[in-house]
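Counting along the sequence shown from 1, when you hit position 139 you're at 139 in UniProt numbering, and nothing is skipped either side.
Even for Gly, the Cβ is constructed at its ideal location relative to N, Cα and C.
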Amino acid sequence: MSRPVDALLDFLRSEEVRGVTHIHLDDQAKELLRELHRRARAPKQAPARATSVSAPVAAIAEEPASSSPVSAAAPPVAAFVPAISAPAAGSAAEKIAALAAQAENWAPARKLGTLRTTMVFSTGSPEADLMLVGEAPGYQEELQREPFVGPAGQKLNDILKAMGLAREQAYISNIVKFRPATPGQTTNNRKPTLEEMASCLSFVRAEVEIVKPHCIVALGGTAAEGLLGLTGSVSAMRGKWYEFNGIPVRVTYHPSYLLRSTSVRDKRAVWEDMMEAMEKLGMPVSDKQRSFFLPKA
Ligand code: URA
């Protein structure tokens, strides 16, 4: 299995071939390098699912945990994957198609050896004001090569409809462009690791550069960690604005969490997050919409 440092070495070699002799390292990159160095010197431990600077993905609670604090770190190891810049020419749709073509055989993801090989990029309008970011495609998404088409996708469509939007009017993407693999996998899905998210994060940056959404909603704690470097419970991440590449970001529960939850409070929580997004986008919110999932008077 390839290590993040291999992607860094590949990148540095390709820069050297291009004649680049100096690389600027910002503080974040320096800290990540120090961390790699510390890890290389540390005694070998049992293999971890996620080898990252911040907490392992498995530690992220989707459930509303009481008041657990949320902390922010740099999105992990992203600095070790070559940056992708958005193609300079063409319409937004053409640029997204060019990015998707690059993702098909994306070496940093392939080298990990933990992701399947069918690439699932994005769906919806490349000129949308609202961008929704999930974690990774699952069984259904891989089959249909489209994000959010399984049960969680149906729930997401319902949420968009309540906002007055068709699925085609939003831009819907995932941090990881390949379904995370498990041994003997059939229809079961798993969350992506931090390393897997880091391998594809450059695409999300380039997508944001092309789509230029006015607001991003991170769907679930894993997406929030990959995008923003947040750790903690989603309930602690909610209720405030963050920023990704200069675009305001709101964090909410993943639609699949809503599918499992019987709590009207959870539905209302997601709805409040979406109303915040609507206000950010300058969309009108009717009295009827404001009362969704509130107890009847
Ligand atoms: N969950 C995600 O995060 N993304 C999908 O595309 C489907 C389910």
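Using only the alpha-carbon positions, how far apart do Ala277 and Gly90 sit? Here residue 277 refers to the residue found at position 277 of the sequence shown. Here residue 90 refers to the residue found at position 90 of the sequence shown. Each residue's alpha carbon lies about 29 Å from the other.
Gly150, buried or exposed, once every other Cβ within 10 Å from all chains shown has been counted against 16: For this step, residue 150 is matched to residue 150 along the sequence shown. Label assigned to Gly150: buried.
Cβ of Pro137 versus every heavy atom of the ligand URA: is any distance shorter than 8 Å? As a working mapping, residue 137 is identified with position 137 in the sequence shown. Pro137: yes, Cβ under 8 Å from the ligand URA.
Using 9 Å as the threshold, is the C-beta distance between Pro87 and Leu99 below it? By 1-based counting over the sequence shown, the position of residue 87 is 87. By 1-based counting over the sequence shown, the position of residue 99 is 99. Result yes, Cβ atoms of Pro87 and Leu99 sit closer than 9 Å.
Beta carbon of Leu99: closer than 8 Å to some heavy atom of the ligand ATP? This structure lacks the ligand ATP; its bound ligands are the ligand URA.
By how many angstroms is the C-alpha of Ser199 removed from the C-alpha of Pro108? Mapped onto the sequence shown, residue 108 falls at position 108. Mapped onto the sequence shown, residue 199 falls at position 199. In a straight line, the C-alpha of Pro108 is about 5 Å away from that of Ser199.
Say yes only if the C-beta of Gly229 is nearer than 8 Å to one or more non-hydrogen atoms of the ligand URA, and no if none qualify. Here residue 229 refers to the residue found at position 229 of the sequence shown. Relative to the ligand URA, even the nearest heavy atom lies 8 Å or more away from the CB of Gly229.
By how many angstroms is the C-alpha of Ser263 removed from the C-alpha of Lys111? Walking along the sequence shown from the start, residue 111 turns up at place 111. Walking along the sequence shown from the start, residue 263 turns up at place 263. So the alpha carbons of these two residues sit roughly 41 Å apart.
Cβ pair Lys191, Ala136 closer than 9 Å: Locating residue 191 in the sequence shown gives position 191, counting from the first residue. Locating residue 136 in the sequence shown gives position 136, counting from the first residue. Yes.
Closer than 9 Å, CB to CB, is Asn188 near chain D or not? Within the model displayed, chain D is absent; a lone protein chain is all it includes.
What did DSSP end up calling Ser52 once you bin it into helix, strand or coil? To locate residue 52, count along the sequence shown from 1; it is residue 52. Here the model assigns Ser52 a pLDDT of 29, short of 50, so the residue's position is not dependable and the matter cannot be decided.
Once you ignore the five residues that flank Trp106 on each side, which residues in its own chain have a CB closer than 8 Å to its CB? Reading the sequence shown from its first residue, position 106 is the one you call residue 106. Closer than 8 Å at the Cβ level, and outside the excluded window around Trp106, lie Met119, Lys177, Ser199, Cys200 and Phe203.
Nearest CA to the CA of Ala103: which residue from Phe121, Lys155 and Asp273? By one-based count along the sequence shown, residue 103 stands at place 103. With distances taken between Cα atoms, Ala103 lies closest to Phe121.
In chain order, what residues of the same chain lie with their CB nearer than 6 Å to the CB of Ala224, ignoring the 5 residues before and after it? Reading the sequence shown from its first residue, position 224 is the one you call residue 224. Counting only Cβ-Cβ distances below 6 Å, and skipping sequence neighbours, we find Ala218, Leu230, Met237 and Val251.
Is any heavy atom of the ligand URA found at a distance shorter than 8 Å from the C-beta of Glu196? Within the sequence shown, residue 196 is the residue found at index 196, counting from 1. Relative to the ligand URA, the beta carbon of Glu196 is positioned no closer than 8 Å to any heavy atom.
Identity of the residue in Phe293, Glu94 and Lys212 nearest Leu281 by Cα: Taking the first residue of the sequence shown as position 1, residue 281 is located at position 281. Looking at the Cα atoms, Lys212 is the closest of the given residues.
Host beta strand (DSSP E) of Ser173 (start-end): Translated into positions along the sequence shown, residue 173 becomes position 173. Ser173 -> beta strand (DSSP E) spans Tyr171 to Asn174.
Any heavy atom of the ligand URA closer than 8 Å to the beta-carbon of Asn174? Locating residue 174 in the sequence shown gives position 174, where the first residue counts as 1. Flag set: Cβ of Asn174 near the ligand URA.
Taking the continuous beta strand (DSSP E) assigned at Pro295, which residues delimit it? Against the sequence shown, residue 295 aligns to sequence position 295. DSSP places Pro295 in no beta strand (DSSP E); its state is neither H nor E.
Could you give the residue range of the beta strand (DSSP E) that holds Ile210? By 1-based counting over the sequence shown, the position of residue 210 is 210. Counting along the chain, Ile210 sits inside no beta strand (DSSP E); it lies in the alpha helix (DSSP H) bounded by residues Leu194 to Val211.
DSSP three-state assignment for Ile84, whether helix, strand or coil: Translated into the one-based positions of the sequence shown, residue 84 becomes position 84. DSSP, read as helix, strand or coil, puts Ile84 in coil.
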